[in-house]
Amino acid sequence: VAALTTAIHAVRQPRLLVAVDHEGGRVQRFRDGFTRLPAVRRLGEIYDQDRMRAKQLARVTGWLMAAELRAVGVDLSFAPVLDLDHGV
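With this note's numbering, letter number 82 in the sequence shown gets 82, and the count goes up by one each step, no holes.
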């Protein structure tokens, strides 16, 4: 992934942005070399039981996702801002 993002960034200046839909759970585009992140639904389930723990896990999960993507040159993740769970 890092080699690909480096090549994309080298195409022109200002450099092109590299973005990915990388949310965790079944919507985790990169797997090899990346931490397996929980689905956001799981954080919601934890929130129903322990709000403080869920907030801490959400913060750590977001930081970890950002750190790993940034380390390989990804500029932006289209992680969910708001998901409505209809049980589908």
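Backbone N, C-alpha and C fix where the C-beta goes; we use that ideal spot for every residue, glycine too. Just so you know, these numbers come straight off a predicted model, no measurement behind them.
- Cα atoms of R41 and E23: separation of roughly 11 Å, rounded to the nearest angstrom.
- DSSP, reduced to helix, strand and coil, places G24 within a strand of the structure shown.
- By the C-beta criterion, the stretch 3–10 is judged not to be in contact with the stretch 26–44, since fewer than 3 inter-stretch pairs fall below 8 Å.
- In the structure shown, L64 adopts helical secondary structure according to DSSP, grouped into three states.
- Approximately 6 Å separates the beta-carbon atoms of D75 and A19; this is inside 8 Å, confirming the contact.
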